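See structure below.
Residue numbers (full-length UniProt numbering): 1 to 260.
Listed below in structure tokens is the structure:
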């Protein structure tokens with residue numbers, strides 16, 4: 001039996017219909033050597049029933065966990081269970097283009113790269129219309145850690161495929177409640193602390209669903225920023241990167257900014 005190359009980790013909570021669309025996009029992948037790990041944060045809907053619909057078309061594992069109230073703990077659980085060489089992160093309300101994994105694995109296998117990411121189409125809705133917009137990323141300049149701190153988050157969670165060996169060194173996502181909706185940015189910063197090998201695939205290979213709402217509000221955004229500020233300050237202390245070298249860097253989220 002071939003070793004699994006990619007483990008796709010999907011946290012979910014009461015998104016049965018979105019999860020079905022997400023899993024259908026995995027059935028359509030042109031690259032097939034992967035496992036799917038669905039980590040359910042205590043759903044009360046038909047999410048488990050949806051997963052069972054795919055038990056013959058996907059190598060899929062389902063774990064129903066005690067509710068935590070955010071994606072970081074179920075995502076950590078899934079990463080711990082993963083058997084793959086690479087970890088692909090995917091939110092249950094997002095989905096991928098058919099060549100997403102093929103292109104990601106090809107780059108990771110042929111280049112000296114630790115993490116790949118790409119643009120997504122951002123899709124939102126009203127009661128009558130769907131709106132599509134390309135969610136553009138940017139090429140991160142070396143040193144990547146400095147770019148991420150000074151210029152802000154450039155990476156959408158559902159676009160990332162990363163070496164598991166890197167995550168083994170970095171450790172788990174931060175499960176601090178005040179960091180919910182900001183834990184991914186914190187994770188990229190911690191990854192960039194140990195590797196500069198990030199690569200932006202110049203293609204739009206997925207879809208990012210925002211529906212009609214948003215996880216963040218002004219108060220939560222400020223709490224996220226304060227937690228990020230504390231975490232970034234610790235990173236800078238750990239690697240002796242001075243404020244002078246950052247040239248007055250600051251972090252942004254929504255309409256808030258905090259200077260370092």
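Don't be surprised by glycine CBs; every beta carbon is placed ideally from N, CA and C. Note that the structure is a prediction, hence the values are computed from the model and not measured.
Alpha carbon to alpha carbon, how far is residue i from residue j?
i           : j           : result
residue 85  : residue 163 : 6 Å
residue 137 : residue 150 : 15 Å
residue 115 : residue 37  : 20 Å
residue 32  : residue 108 : 16 Å
residue 20  : residue 145 : 36 Å
residue 27  : residue 121 : 20 Å
residue 53  : residue 205 : 25 Å
residue 155 : residue 195 : 15 Å
residue 212 : residue 98  : Because residue 212 sits at a pLDDT of 45, beneath the cut-off of 50, its placement in the model cannot be relied upon, and the following sentence gives the value as read from the coordinates. Going by the C-alpha atoms only, they are around 26 Å apart.
State buried or exposed for residue i, treating a residue as buried only when at least 16 other CB atoms are found within 10 Å of its CB.
i           : result
residue 148 : buried
residue 208 : buried
residue 142 : exposed
residue 11  : buried
residue 203 : exposed
residue 2   : exposed
residue 139 : exposed
residue 29  : buried
Give every residue of the same chain whose Cβ lies closer than 8 Å to the Cβ of residue i, excluding the five residues on either side of it in the sequence, and list them in chain order.
i           : result
residue 42  : 13, 64, 65, 66, 67 and 68
residue 48  : 40, 62 and 64
residue 111 : 199
residue 58  : 23, 26, 27 and 36
residue 285 : Limits of the chain in this structure are 1 at one end and 260 at the other, which puts residue 285 out of reach.
Rounded C-beta distance between residue i and residue j? I'm assuming under 8 Å.
i           : j           : result
residue 158 : residue 89  : 6 Å
residue 199 : residue 113 : 5 Å
residue 180 : residue 70  : 4 Å
residue 46  : residue 82  : The pair is not a contact, with the Cβ atoms about 25 Å apart (cut-off 8 Å).
Based on the DSSP secondary-structure assignment, which residues constitute the bridge partners of residue i?
i           : result
residue 63  : 39
residue 135 : 120
residue 11  : 39
residue 199 : 116
residue 206 : 96
residue 162 : 87 and 115
Within its chain, find whatever has a CB closer than 6 Å to the CB of residue i; leave out the 5 residues flanking it on each side and keep chain order.
i           : result
residue 170 : 190 and 191
residue 104 : 116 and 161
residue 95  : 21, 22, 25 and 207
Take residue i and list the residues in its own chain whose beta-carbon comes closer than 7 Å to its own, dropping the five residues that flank it on each side.
i           : result
residue 183 : 72, 173 and 174
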